[in-house]
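What follows is a set of notes on a single structure, which appears directly below.
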Amino acid sequence: MQERLQKYISRCGKASRRKAEEMIYNGRVKVNGKVVNEIVMVDDEHDKVEIDGEMICPEEKMIYIILNKPEGIITSVKDQFGRKTVIDIIDIKERVYPVGRLDYDTSGLILLTNDGDLANKIMRPKSEINKVYIAKIFGTPNKEEINMFESGVVIDGYKTSKAGFKIIRELNNYSIAEIRIHEGRNRQVRKMCEVIGHPVISLKRIMIGDIKLGDLKVGQWRYLNESEIQYLKNL
């Protein structure tokens, strides 16, 4: 069966299609012993594909995992400074990689899989999948500040999309808020809260779409059930 090279790499569980394209353009991929710098068609029965000198082949078993990431863990397969990553927590023989990112100092829900097509679908901006966070912030925003947050604020030179912001609890010097966004830019929630004058003390993601963290304890993980997997595939 012939297919585009980036799709084949994704099906092998090595990267999303987008990341696979970057690997190809950066000269990291060989087909039948020759470096390719463009998208070509390959046949998984006759062509041999390598990434960084390692032969790859399609994963037979698709893995879908939800992890409650602790703070202080890198959302990556490897870290150049030797810091602990989410992969170090997942004790399985299959190779998986995180879907999207969670900041080093943010905890909560992260998905991991070797299904590159599904990962790409979840991360695509046009999918507009809601991500829900619980934030502990300094002070309590007033109505005007909440409206500003929900209407979109300018961070890093762009205006964020509409978002949700709801105060759950007010305490002496800080408050707890539920925040809902569908973008996933670098440290977006923290930067948005800073703009309205209420910096984040701690941040935890509890939902991606309809996938809920539930009672999964910090540092624990489980396989997604069939209904959760089907939900993601139907997005």
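FYI, in my numbering the residues of the sequence shown are 373 to 607.
Backbone N, C-alpha and C fix where the C-beta goes; we use that ideal spot for every residue, glycine too.
Here's a check: name, in chain order, each residue in its chain whose Cβ is nearer than 7 Å to the Cβ of residue i, leaving out the five neighbours to either side.
i: Ile540; result: Ile548, Ala549 and Glu550
i: Ser388; result: Ser382, Gly488, Ala491, Asn492 and Met495
i: Thr457; result: Ile445, Ile446, Ser448, Val449, Lys450 and Asp451
i: Ser499; result: Lys493 and Leu607
i: Ile573; result: Lys508, Ile509, Phe510 and Tyr546
i: Val471; result: Leu483, Leu484, Thr485, Ala491, Ile494 and Met495
i: Gly591; result: Asn440, Pro442 and Ile461
Look at residue i and residue j and say whether their C-beta atoms are less than 7 Å apart.
i: Leu483; j: Val468; result: no
i: Gly399; j: Val412; result: no
i: Arg557; j: Leu481; result: no
i: Ile553; j: Lys508; result: no
i: Glu600; j: Ile580; result: no
i: Asp475; j: Arg559; result: yes
i: Asn404; j: Asp419; result: yes
i: Lys538; j: Ser479; result: no
So, for residue i: in the same chain, excluding its five sequence neighbours on each side, which residues have a beta-carbon less than 6 Å away from its beta-carbon?
i: Phe510; result: Tyr546, His570 and Pro571
i: Asp477; result: Glu443
i: Met434; result: Asp487
Tell me whether residue i sits in a helix, a strand or coil according to DSSP, three-state version.
i: Phe453; result: coil
i: Gly480; result: strand
i: Asp463; result: coil
i: Glu422; result: strand
i: Gly488; result: helix
i: Ala387; result: coil
i: Gln378; result: helix
i: Ile509; result: strand
i: Arg559; result: coil
i: Met579; result: strand
i: Glu410; result: coil
i: Asn440; result: strand
i: Ala549; result: strand
i: Met427; result: strand
i: Lys538; result: strand
i: Ser574; result: strand
i: Lys589; result: coil
Give the C-beta separation of residue i and residue j to the nearest angstrom, bearing in mind that I take them to be a contact with Cβ-Cβ under 8 Å.
i: Ile461; j: Leu439; result: 6 Å
i: Ile527; j: Leu607; result: Not a contact, Cβ separation roughly 26 Å.
i: Ile437; j: Leu596; result: 7 Å
i: Arg562; j: Leu543; result: In fact, because the Cβ distance is near 19 Å, the residues do not count as touching under 8 Å.
i: Thr532; j: Glu555; result: 6 Å
i: Glu375; j: Val414; result: 7 Å
Under 8 Å Cβ to Cβ from residue i, same chain only, skipping five residues before and after it: list those, please.
i: Lys534; result: Glu522, Ser523 and Gly524
i: Arg594; result: Ile437, Ile438 and Leu588
i: Ile428; result: Ile381, Cys384, Lys386, Val421 and Glu422
i: Pro513; result: Phe521, Phe537, Ile539, Ser547, Ala549, Ile568, Gly569 and His570
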